[in-house]
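Protein chains in written order, with my numbering: chain A, 1 to 69; chain B, 1001 to 1223; chain C, 2001 to 2220; chain D, 3001 to 3255.
One structure is given here, and the rest of the page talks about it.
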């Protein structure tokens, strides 16, 4: 690479080269942000559920074996 | 045991013959659209014939899948079958029934479509028709086997109708490639043994893996 | 594994069973023994997991944890013979609308007996049980043509036509007329007398059927 | 050996896996950023243009295309391996790994297709050529999307996991078959081959290897991020998750 001009225009193919790199950046950054937000919102969700009274929490049942009367 | 299962499949299907006829009708109608869309000239149709007939056959197989699995899942007989016999043998009987009632009729109907698509244009003999039938004989069982896996996986899923197509169409591509090119090779007066052998190889691989995988998937769907 | 090997439990034995459905743990750490020649009544409120427990005992649903043994062998072990000993009647009747009643029943019988029974013998047996159930002479009718009550009776006919050692019945008495309830209770007692193991659920107590064991799915 | 086994079992514990990945991630991110910074410097600035085939600057697309294409394959194979572990050893965390790889693998496949297409325009003069590799990538993308669609169609997650695992294994058996078929079909129709464009001159190796390493690590980091979210999603009711969410224990706490 000899100049900034060449760096930006990449010969005649600036659009091709830069769009490839740009798309890669967008997609991977999108995944990064998406996963981060997913973890954060889950964290918040768990926090809210933990504070809330055990309204929705259903406990597992047990078996009770008895003889008929 | 497989024989008992198969007999039942055939009996149920016989009473439900209209459901079986629809995919076949679809097969014919789709193919007959091409002359309208492209050109009724014989050389053009002949060139398109292998691809068009094979794609139509593939879609007809896909369409017919639901019928062989869905109702057994819904009315609870699938779980009874899995309680009484091994999942693999249930899968095998389903696959056999599916092929006998859809794959085989497709093979039988294919000469008719060959005529529609002018497959024997310019030659006196009917060798191309035979090659078409042969390629379908070797290829459609593989489509049944792979379709069984896809269908078994999606039985318990909520969006099922088109889901199965998305899952298995990529897996159908190799069969489509070699099925259609067998016929193309024959049209170009080239040797087609290699293509047929590969179709046979696909069939063997599918026979080894698919019934087992489909059985496992049926078990998961019911559980 | 080791525990159940030390002590022998004939019949069906579930060890430390944890059953879940859609990630909800329904039942935790359950031990249950259904001995031969006993009738067990399974109760619990709707959604407690009775059906899931039954499906798990039948081997349809994979337990989250624990093992079910049949005559001291895990049920999925081929030597346990569980799949030929069990009749599991679920909510869904498992009959094909496209087949006649006789065809439906004969199919299951043949599948279980591996064609060791001749069709003529089977035919007379089927007509007999249909007469007993009050739907005699309907064997050549399509399953779809029957009323709901009649269809239920056809499903029950399997209990008589197929030899088994254990019955797991999900709500067998629901919507049955008085006479058929009596018939089912009598057949169940007869099966017990021959050494059979029975597990059934019901919303109401069944007067006609004295039980040996009651099992509740409930909170502690 | 015994240690390895124990470690393997510990990885099956959601809590352990969550804590460990929390410890690893900063290091992986650090290494990724360094490698990518140097890699980008080389691939966009400090490497020569391609002269022999007249590609000029478009050769720079290779430095993202090749890693993406490689990872799309590796990702699917990794999914199938994790799926096998899950089905054979009944290890639930393995299914979480399968589910976590899928979106990242699909993204890589999409990028491989996109960059391949953008590279194709100046090279062949067309955005799309039914070239063997491109076609296989397209089918691979369908396989990934199929897995994601299947997994999303179940209300019962354990069913979704098992069904998806079977699909991943069936798919991986098919990948070589698909690739072979498409390649054979392609030679029949005498198409181009994108891979012959960048015959590897030593001058291109430095940026390529740097970018390969950087994007591989980035892939791993993204999968682990997704995995951590998946672990929390699947264990919302566990005490340790609740404690973690309310900040009672250190996120990167010791085991």
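All C-beta atoms, glycine included, are put in the ideal place defined by N, C-alpha and C.
Practice item. Using a threshold of 9 Å, state whether the C-beta atoms of residue 59 of chain A and residue 2219 of chain C are closer than that. Key: yes
**Study point:** Under the three-state DSSP convention, the category residue 2206 of chain C falls into
**Key:** coil
Check your understanding: Quick one: is residue 1223 of chain B near chain D, going by C-beta distance under 9 Å?
Key -> yes
Check your understanding: Any Cβ of chain C within less than 9 Å of the Cβ of residue 1004 of chain B?
Key -> yes
Check your understanding: In three-state DSSP terms, what is residue 3127 of chain D?
Key -> coil
Check your understanding: Which residues, in chain order, does the stretch 2043-2058 of chain C contribute to contact with chain A at a C-beta distance below 7 Å?
Key -> 2048, 2049
Exercise for review: Report all residues from its chain with a CB closer than 8 Å to the CB of residue 3191 of chain D; omit the five preceding and five following residues, and keep chain order.
Suggested key: The pLDDT assigned to residue 3191 of chain D is 47, lower than 50, so where the model puts this residue is not dependable; a value taken from the coordinates is nonetheless given after this. Counting only Cβ-Cβ distances below 8 Å, and skipping sequence neighbours, we find 3129, 3130, 3131, 3132.
Practice item. May I have the straight-line CA-CA distance separating residue 2017 of chain C from residue 3088 of chain D, to the nearest angstrom? Key: 21 Å
Check your understanding: How is residue 1211 of chain B classed by DSSP in three states: helix, strand or coil?
Key -> helix
Check your understanding: How would you call residue 1067 of chain B, buried or exposed, if buried means at least 16 neighbouring beta carbons within 10 angstroms?
Key -> buried
Exercise for review: Ignoring anything shorter than 4 residues or poking outside the stretch 2080-2150 of chain C, list the alpha helix (DSSP H) runs there in chain order.
Suggested key: 2082-2085, 2101-2113, 2119-2132
Check your understanding: Do you know offhand how far residue 52 of chain A's Cα is from residue 3012 of chain D's?
Key -> 30 Å
Check your understanding: Which bits of chain D does residue 2098 of chain C rub up against, with CB to CB less than 9 Å?
Key -> Within chain D, no residue comes near residue 2098 of chain C; the closest Cβ sits about 28 Å away, beyond 9 Å.
Exercise for review: Could you say which of C:2032, C:2028, C:2194, C:2111 lies nearest to residue 2014 of chain C if we only look at CA atoms?
Suggested key: C:2032
Practice item. Would you check if there are 3 or more beta carbon pairs closer than 8 Å linking the stretch 2080-2094 of chain C to the stretch 2052-2067 of chain C? Key: yes
Exercise for review: Within the same chain, show all residues whose beta-carbon is closer than 7 Å to that of residue 3169 of chain D, passing over the 5 residues directly before and after it, in chain order.
Suggested key: 3080, 3083, 3084
Exercise for review: In the DSSP assignment, find the beta strand (DSSP E) that holds residue 64 of chain A and state where it starts and stops.
Suggested key: 62-66
Check your understanding: Do you know whose CA, among B:1070, B:1008, B:1010, B:1124, lies nearest residue 1218 of chain B's CA?
Key -> B:1070
Practice item. Report the residue from C:2155, C:2094, C:2126 whose alpha carbon sits nearest the alpha carbon of residue 2137 of chain C. Key: C:2126
Exercise for review: Specify the secondary structure class of residue 3147 of chain D as computed by DSSP and reduced to three states.
Suggested key: helix
**Study point:** Closer than 9 Å at the beta carbon, the chain B residues around residue 2151 of chain C
**Key:** Going along chain B, no residue has its Cβ under 9 Å from residue 2151 of chain C, so there is no contact; the nearest lies around 11 Å.
Check your understanding: Closer than 8 Å, Cβ to any Cβ of chain B: which residues of the stretch 3073-3084 of chain D, in chain order?
Key -> none
Practice item. Spell out a yes or no on whether the stretch 3209-3227 of chain D and the stretch 3032-3050 of chain D are touching, meaning 3 or more CB-CB pairs, one atom from each, closer than 8 Å. Key: yes
Exercise for review: Please list the partners that residue 2213 of chain C has in chain A, where partner means a Cβ-to-Cβ separation under 9 Å.
Suggested key: 65, 66, 67, 68
Exercise for review: Alpha carbon to alpha carbon, how far is residue 3086 of chain D from residue 1022 of chain B? Give it in angstroms, no decimals.
Suggested key: 40 Å
**Study point:** Which of helix, strand or coil DSSP assigns to residue 2216 of chain C
**Key:** strand
Point to revise | the stretch 2190-2200 of chain C / the stretch 2158-2171 of chain C touching (three or more Cβ pairs under 8 Å) | key: yes
Exercise for review: Taking only beta-carbon positions, decide if residue 2200 of chain C is within less than 9 Å of chain B.
Suggested key: no
Check your understanding: How about residue 1026 of chain B and residue 1060 of chain B: are their beta carbons less than 9 Å apart?
Key -> yes
Check your understanding: Quick one, which residues of the stretch 2111-2124 of chain C are near chain B if we go by CB-CB under 9 Å, in chain order?
Key -> 2111, 2112, 2114, 2115
Check your understanding: Do residue 3260 of chain D and residue 1166 of chain B have their C-beta atoms closer together than 9 Å?
Key -> Nothing in the structure corresponds to residue 3260 of chain D, since chain D is present only between 3001 and 3255.
Review point. In chain order, what residues of the same chain have a beta carbon less than 6 Å from the beta carbon of residue 3154 of chain D, not counting five sequence neighbours either side?
Key: 3160
Practice item. Please name the residue or residues paired with residue 2167 of chain C in a DSSP beta bridge. Key: C:2087, C:2198
**Study point:** Under the three-state DSSP convention, the category residue 3005 of chain D falls into
**Key:** helix
Check your understanding: Pick from D:3008, D:3245, D:3239: whose alpha carbon is nearest that of residue 3094 of chain D?
Key -> D:3008
Review point. What does residue 2219 of chain C touch in chain A if you count any residue whose Cβ is under 8 Å from its own?
Key: 59, 61, 62
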